[in-house]
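Listed in order, the protein sequences are those of chains E and W.
Residue numbering for the first sequence is 1 to 365, as defined by my numbering.
Residue numbering for the second sequence is 1001 to 1084, as defined by my numbering.
To start, the structure under review is shown below, and the notes come after it.
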Amino acid sequence: FTPGNPKWKRNNLTYRIVNYTRKMRQTDVDEAIEKALNVWSSVTPLTFQKTEDKDADIVISFAYRDHQDNSPFDGPNGQLAHAFQPGEGIGGDVHLDEEEAWSKDARGYNLFIVVAHELGHSLGLSHSNDPGALMYPTYAYTDPNEFILPQDDIDGIQAIYGQINAAVQPTGPKTPQACDPNLTFDAITTLRGELMFFKGRYMLRKHPERAETELNFISLFWPKLPSGIQAAYENVEKDEVLLFKEDKYWVIRGYDIPHGYPKPIYRLGFPKTVKRVNAAYSDETTGKTYFFVADRYWRYDENKKSMDQGYPRKIVHDFGKIGRVDAAFQTDGYVYFFHGTTQFQFDPRSKRIVSQRKSISWFNC
Amino acid sequence: FPVGPEAEDEGQTLNLVETYLQNFYNLQIDHHPHVRQRSKNHLVEKLKEMQEFFGLQVTGKPDLETLEMMNKPRCGVPDVQQYM
C-alpha cells in the first residue's frame, strides 16, 4: 500500500486520454487503455467513465523527457512510465514515456500491461515484491489475451476498495514458491544440462551447479509460447525441446521457435481420440520417446519419426503404480515421474521404481 | 592519466547505482568530502534495501545480479517512498 493509504472517495471515476503515441494506431491505444481499466474494475466496485473534461480523475498522457512534474523521463528503456496516487490535480494521473517502443503485442513494451500497472498506482497501490504480481516494478510481457490479474494484486486492490458484489469472487494465479511442499508441476524437461519446471505462466529453472532456483515467466524466454504447458521433453541429439499444450506442440531451439509451429500432435502419430499429452520424456541412449496420456503411454522412435507398433500400453504394466503422470524427465540414467506432490525415481534397466520423494526435492529446500 | 577501462566501468557502475537508488529508494547524496564516508554507508544501506525488496542476496555490493535488476526496464514510481 502507499503510505498514508490514499484512495478515491467515490467508486465511479472518470479518465481522459490527452494525447496518443505515434507508435500505435489510436484505436489500439484506446483498446489497450480500456482493457487496462477493466483489469481493476472487474475485481472491485470501481467504474471508469471516459470524458473529455479537463478535471477527469485519471488523466493519461504520453510525455517526453522533462514534462514539468519533477520526474523527467530518461529516453528509451529504463523508466517506461509513472503514475500518481489518488488525489486532486496530478493525483491519479498516468504518464507514459513517448520514447518507448509501445505495442499491442510482444514487441517493445506492451501498452496494456504498462498502463494496467500504472493504474494500480493511480488507485493507491504501490509496488509489490511478488515477482509474479502486476505491481512488481520491472516490466514482464504477458499476452494480453491470456492476462489474468494475479491474486497478490487482487488482494491489494480489494483491501482498498472492497470486493465486487458477486456470489463468486474472482481469483488469480499465485506465484509458485520453489519450497512450497504442495507445489505440483504441469511439465518438466531437461534443457542443455538444466532442469525446467513449468507451472502456469512460470518456469522454475534449476542448474545442477547452482544452489538457488530461478523463477521466470515463460514469456521471458519464449514470448510466443502460451502458459499452461502440459508436457515437455528434450531431444538432446537435435538440441531441441518439444512442448505440448492441448492438441498442439511447439519445437524450441534455444530462444527460437522455428517457423510453422505449433503443429497438431497427430503429426507424431497420435490417434484423433487423444486430445492432450500429460507428460513425456525421451531416452537419448535408445532414441525412444515416451508419451503419457491418462492411464496409457505411447513409444515414439525419434529416428524413424513414427510411433512404435504395439502401443499404447498400460502405464501400470511397464512402470508400476505411479498413477497418472503429470510430468516426467530422464537424467543420469533414471526416469523421474511426477504425480501431484509425489515423485517416483524409475530405473529403466531393472524396470522398477527405486525410490519415492517429494516433488520439490530438486530445489535444495 | 587517461582513465583505465576498469576505472571507467567502476565510475559508470557507481553512477548507475547512485541514480537508481536516488530514483527508487530515496537515496540522498551529499558530495561534500567531509561527509563522504557517511554517504557511502547510506548508499550501502539503500543498496541492501533494494536487494531485500527484489529477493536478491543482500550483500550491500553492486554484484552482477543486482546490476542486472537495475538495468531492467521498469516503472518510474519509487519502490519504498510516497510518490507526489
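We treat Cβ as the ideally placed atom computed from N, Cα and C, and that holds for glycine.
All values derive from a computational prediction rather than experimental measurement.
Please check the pair residue i and residue j, which I expect to be a contact at CB under 8 Å, by giving their CB distance rounded to whole angstroms.
i: residue 337 of chain E; j: residue 185 of chain E; result: At roughly 11 Å, the Cβ-Cβ gap does not stay under 8 Å, so residue 337 of chain E and residue 185 of chain E are not in contact.
i: residue 44 of chain E; j: residue 126 of chain E; result: With 8 Å as the limit, residue 44 of chain E and residue 126 of chain E do not qualify as a contact, their Cβ atoms being about 17 Å apart.
i: residue 83 of chain E; j: residue 93 of chain E; result: 7 Å
i: residue 1054 of chain W; j: residue 129 of chain E; result: 7 Å
i: residue 226 of chain E; j: residue 146 of chain E; result: 7 Å
i: residue 233 of chain E; j: residue 306 of chain E; result: Residue 233 of chain E to residue 306 of chain E, Cβ: 17 Å. No contact.
i: residue 1079 of chain W; j: residue 1020 of chain W; result: In fact, because the Cβ distance is near 10 Å, the residues do not count as touching under 8 Å.
i: residue 294 of chain E; j: residue 231 of chain E; result: Actually they are not in contact, since the Cβ atoms of residue 294 of chain E and residue 231 of chain E sit about 12 Å apart, beyond 8 Å.
i: residue 150 of chain E; j: residue 173 of chain E; result: 5 Å
i: residue 328 of chain E; j: residue 188 of chain E; result: 7 Å
i: residue 275 of chain E; j: residue 246 of chain E; result: 7 Å
i: residue 219 of chain E; j: residue 139 of chain E; result: Not really, about 11 Å apart at Cβ, beyond 8 Å.
i: residue 345 of chain E; j: residue 355 of chain E; result: 4 Å
i: residue 405 of chain E; j: residue 199 of chain E; result: Summary: the structure shown does not reach residue 405 of chain E, with chain E confined to residues 1 through 365, and so no result is reported for it.
Mark residue i as exposed unless 16 or more other C-beta atoms lie within 10 angstroms of its C-beta, in which case mark it buried.
i: residue 300 of chain E; result: buried
i: residue 68 of chain E; result: exposed
i: residue 171 of chain E; result: exposed
i: residue 57 of chain E; result: buried
i: residue 88 of chain E; result: exposed
i: residue 249 of chain E; result: buried
i: residue 168 of chain E; result: exposed
i: residue 159 of chain E; result: exposed
i: residue 1075 of chain W; result: buried
i: residue 1046 of chain W; result: buried
i: residue 340 of chain E; result: exposed
i: residue 36 of chain E; result: buried
i: residue 1001 of chain W; result: Because the pLDDT at residue 1001 of chain W is just 43, under 50, the model does not fix this residue reliably, and the point stays unresolved.
i: residue 38 of chain E; result: exposed
i: residue 201 of chain E; result: buried
i: residue 350 of chain E; result: exposed
i: residue 50 of chain E; result: exposed
i: residue 259 of chain E; result: exposed
i: residue 238 of chain E; result: exposed
i: residue 190 of chain E; result: buried
i: residue 1013 of chain W; result: exposed
i: residue 78 of chain E; result: buried
Please classify residue i: does DSSP put it in a helix, a strand, or coil?
i: residue 4 of chain E; result: coil
i: residue 49 of chain E; result: strand
i: residue 194 of chain E; result: strand
i: residue 1042 of chain W; result: helix
i: residue 159 of chain E; result: helix
i: residue 319 of chain E; result: helix
i: residue 100 of chain E; result: coil
i: residue 356 of chain E; result: strand
i: residue 257 of chain E; result: coil
i: residue 139 of chain E; result: coil
i: residue 1048 of chain W; result: helix
i: residue 1025 of chain W; result: helix
i: residue 262 of chain E; result: coil
i: residue 218 of chain E; result: helix
i: residue 314 of chain E; result: strand
i: residue 94 of chain E; result: strand
i: residue 82 of chain E; result: strand
i: residue 164 of chain E; result: coil
i: residue 63 of chain E; result: strand
i: residue 35 of chain E; result: helix
i: residue 10 of chain E; result: coil
i: residue 152 of chain E; result: helix
i: residue 1072 of chain W; result: coil
i: residue 113 of chain E; result: helix
i: residue 20 of chain E; result: coil
i: residue 330 of chain E; result: strand
i: residue 267 of chain E; result: helix
Within its chain, find whatever has a CB closer than 6 Å to the CB of residue i; leave out the 5 residues flanking it on each side and keep chain order.
i: residue 1065 of chain W; result: 1056
i: residue 317 of chain E; result: none
i: residue 65 of chain E; result: 72 and 73
i: residue 1084 of chain W; result: Residue confidence is low: residue 1084 of chain W scores 46 on pLDDT, short of 50, so the model does not pin down where it sits. No coordinate-derived value is stated.
i: residue 96 of chain E; result: 62 and 81
i: residue 365 of chain E; result: 179
i: residue 153 of chain E; result: 133, 134 and 135
i: residue 114 of chain E; result: 80 and 81
Whose C-beta lies closer than 8 Å to the C-beta of residue i among residues of the same chain, with five residues either side of it excluded?
i: residue 194 of chain E; result: 205, 206, 207 and 208
i: residue 288 of chain E; result: 282, 299, 300, 301, 302 and 308
i: residue 368 of chain E; result: Lying outside 1 to 365, the shown extent of chain E, residue 368 of chain E is not represented and no answer is given.
i: residue 367 of chain E; result: Outside the shown range of chain E (1 to 365) lies residue 367 of chain E, about which nothing can therefore be said.
What does a CB cutoff of less than 7 Å around residue i pick up in its chain, not counting 5 residues either side in sequence?
i: residue 221 of chain E; result: 255
i: residue 24 of chain E; result: 102, 103, 104 and 111
i: residue 117 of chain E; result: 134 and 135
i: residue 1029 of chain W; result: 1018, 1022 and 1039
i: residue 347 of chain E; result: 334 and 354
**Message:** Using 8 Å as the cut-off, can you tell me whether the segment 309-323 of chain E makes contact with the segment 257-268 of chain E, which would need three or more C-beta pairs spanning the two stretches below that distance?
**Reply:** No, they do not touch.
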